[in-house]
Amino acid sequence: MKMVNKDARNKKVKVFQKKKNTDSFDEIIKTLENVEIDISKIESFKDLPLSPSTLKGLLESGYEKPTEIQKESLVLSLKGSDILGAAKTGSGKTLAFLIPVLEVLFKKKWTRYDGVGALIITPTRELAYQIFETLRKVGFYHDFSAGLIIGGKDLHFEKHRMDRVNIVICTPGRLLQHMDENPLFDCVNMQVLVLDEADRCLDLGFEKTMNSIIENLPTQRQTLLFSATQTKSVKDLARLSLKNPKYVSVHEHSEYSTPEGLSQNFVVCELHEKMAMLWSFLKNHSKHKILVFLSSCKQVKYIHEILMKLRPPTALLALYGTLHQERRMNIYNSFANKQHAVLLATDIAARGLDFPEVNWVVQMDCPEDANTYIHRAGRTARYHKGGESLLVLLP
6 MKMVNKDARN
16 KKVKVFQKKK
26 NTDSFDEIIK
36 TLENVEIDIS
46 KIESFKDLPL
56 SPSTLKGLLE
66 SGYEKPTEIQ
76 KESLVLSLKG
86 SDILGAAKTG
96 SGKTLAFLIP
106 VLEVLFKKKW
116 TRYDGVGALI
126 ITPTRELAYQ
136 IFETLRKVGF
146 YHDFSAGLII
156 GGKDLHFEKH
166 RMDRVNIVIC
176 TPGRLLQHMD
186 ENPLFDCVNM
196 QVLVLDEADR
206 CLDLGFEKTM
216 NSIIENLPTQ
226 RQTLLFSATQ
236 TKSVKDLARL
246 SLKNPKYVSV
256 HEHSEYSTPE
266 GLSQNFVVCE
276 LHEKMAMLWS
286 FLKNHSKHKI
296 LVFLSSCKQV
306 KYIHEILMKL
316 RPPTALLALY
326 GTLHQERRMN
336 IYNSFANKQH
346 AVLLATDIAA
356 RGLDFPEVNW
366 VVQMDCPEDA
376 NTYIHRAGRT
386 ARYHKGGESL
396 LVLLP
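Residue numbers (my numbering): 6 to 400.
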């Protein structure tokens, strides 16, 4: 899969074109479309009707067995159904929508000359970047091109490459900017719309932007909505023009909304004791990977500055919205790759981001609602592993 990204300016890109046997290609598509899927017999991705390119990309990326949300949703989405997917954080929702995107375009024999075939919209730049990287791996053996369009990057560079992109991964604001200002950006043939963290994309903060985007999209499309806290609002679903959507919730009847391996704790302390409590906690857990959530960019910057003067025993990083995009990506990658580190962050790190092996999530303030708590705490105990969550409350 060819990727269109800003970094390409400084790299020589080799493009390999594969000569296809048309008869064989048509035969594969016909076989895939006629397969009846028995969910009770699905034990690995090989048991699903997937194209050879997708299957090879999955296996080489280390994905062998589908999770529950992947099995339940793929049975429906591979047949063309609109999906409302809800599952606990860390359950594998990203592949649940990337696989149908690749398969739809494969079956349509999509080429770079057909333009944008799929739009994947996420609420944050970091999540868009993470999805882009996953797509690079699992879509490696397809001939589609993919582009990452997010704020903080060079709009001029993006503009001149949009007519070559088949799969667009984006944030709402930058997508609307291209729709308004870029004559090369055209969604008239789009086949699949994906909203990751759909409830956040559809809430009041993005309402105007999303309404404008949806007005520019073709109504004849497949729509996939995924989140840990899925919307069922009739108003939200009506404006998306969903056609008989299938609601898939593998954890709907679970006793808890948080991951099973998550141990949840809380502590009550006075406001003036918070900094001392945090410093003591970080010193006592210096061999752990810790994600600390704070309420605002100013808080993150201030507390990072104070803690750095105290010389913390482990790497201390800060991630917040007003950082330059390149700096945000460097911090994201640095924390993801470290074994022991502390990341101070606003809620831009609460949605969908998959940091490996996070031991503790600390919430220094009471979150605004239960959904925010679930998404924050869900940065640990992912993929059936264990993790700890600490909530700091005032008396």
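Think of the CB as a built atom: it goes at the ideal place given N, C-alpha and C, for glycine as much as any other residue.
- Looking only at Tyr-337, Ser-246, Phe-286, Leu-398, the smallest Cα-Cα distance to Cys-274 is reached by Leu-398.
- In this structure, the straight-line span from the alpha carbon of Gly-85 to that of Leu-79 is close to 10 angstroms.
- Counting only runs that start and end inside the region 36–72, the alpha helix (DSSP H) elements of at least 4 residues fall at 57–65.
- Note: Cys-175 is bridge-paired with Ile-126, Ile-154 in the DSSP secondary-structure output.
- Counted as a single uninterrupted DSSP element, the beta strand (DSSP E) harbouring Val-272 occupies residues 267–273.
- With respect to Asn-364, His-293 sits close: the two C-beta atoms are nearer than 7 angstroms.
- Distance from the CA of Leu-358 to the CA of Arg-244, rounded to the nearest whole angstrom, comes to 27 angstroms.
- Around the beta-carbon of Tyr-134, 16 or more other beta-carbon atoms lie within 10 Å, marking it buried.
- Note that the C-beta distance between Glu-163 and Ile-154 is below 7 angstroms.
- Between the C-alpha atoms of Ser-82 and Thr-228 there is a straight-line separation of about 9 angstroms.
- Annotation for Ser-285: the continuous alpha helix (DSSP H) segment containing it runs 279–289.
- Counting along the chain, the unbroken alpha helix (DSSP H) around Glu-212 starts and ends at 212–220.
- Within the same chain, Arg-244, Leu-245 come within 7 angstroms of Ile-219 by CB-CB distance, once the 5 residues on both sides are set aside.
- Counting C-beta atoms within 10 angstroms of its own C-beta, Thr-224 has fewer than 16 neighbours from the protein chains shown and is therefore classed as exposed.
- Under DSSP, Trp-115 takes part in no beta bridge, so it has no partner.
- Gln-227 carries a strand assignment under DSSP once its states are collapsed to helix, strand and coil.
- Around the C-beta of Tyr-252, fewer than 16 other C-beta atoms lie within 10 Å, and the residue is accordingly described as exposed.
- For Ile-44, the number of other beta carbons within 10 angstroms of its own is below 16, and it is reported as exposed.
- When the five nearest sequence neighbours on each side are left out, the beta carbons in the same chain lying within less than 7 angstroms of the beta carbon of Gly-62 are those of Lys-142, Val-143, Gly-144, Phe-145, Tyr-146, in order along the chain.
- Checking the DSSP bridge columns, you'll see Leu-200 partnered with Ile-126, Leu-230.
- Secondary structure of Tyr-134 (DSSP, three-state): helix.
- Remark: C-beta atoms of Pro-57 and Val-40 do not approach each other more closely than 7 angstroms.
- DSSP places Gln-344 outside both helix and strand once states are collapsed to three, so it counts as coil.
- Sequence-distant Cβ neighbours of Lys-114 in its own chain, meaning closer than 6 angstroms and more than five residues away, do not exist here.
- Beta-bridge partners assigned by DSSP to Lys-390: none are found.
- Contact annotation: the region 123–132 does not touch the region 283–292, with fewer than three C-beta pairs closer than 8 angstroms.
- Counting C-beta pairs closer than 8 angstroms gives fewer than three between the region 201–208 and the region 179–193, which falls short of the contact rule.
- Between Leu-140 and Ile-172 the beta-carbon gap is near 7 angstroms, inside 8 angstroms, which marks them as a contact.
- Checking the DSSP bridge columns, you'll see Tyr-252 partnered with Leu-89.
- When secondary structure is reduced to three states using DSSP, Lys-294 falls in the strand class.
- Shown here, Val-305 sits in a helix according to DSSP, grouped into three states.
- Between Ala-382 and Ser-29, the alpha-carbon positions lie close to 48 angstroms from each other.
- The closest CA to that of Thr-214, considering only Pro-128, His-165, Leu-322, Thr-385, is found on Pro-128.
- Cβ neighbours of Tyr-68 within its own chain (closer than 8 angstroms, five residues either side excluded): Phe-50, Leu-100, Val-143.
- For a cut-off of 8 angstroms, the C-beta gap from Arg-130 to Gly-157 is around 6 angstroms, short enough to register as a contact.
- In this chain, the alpha helix (DSSP H) harbouring Leu-160 covers 160–164.
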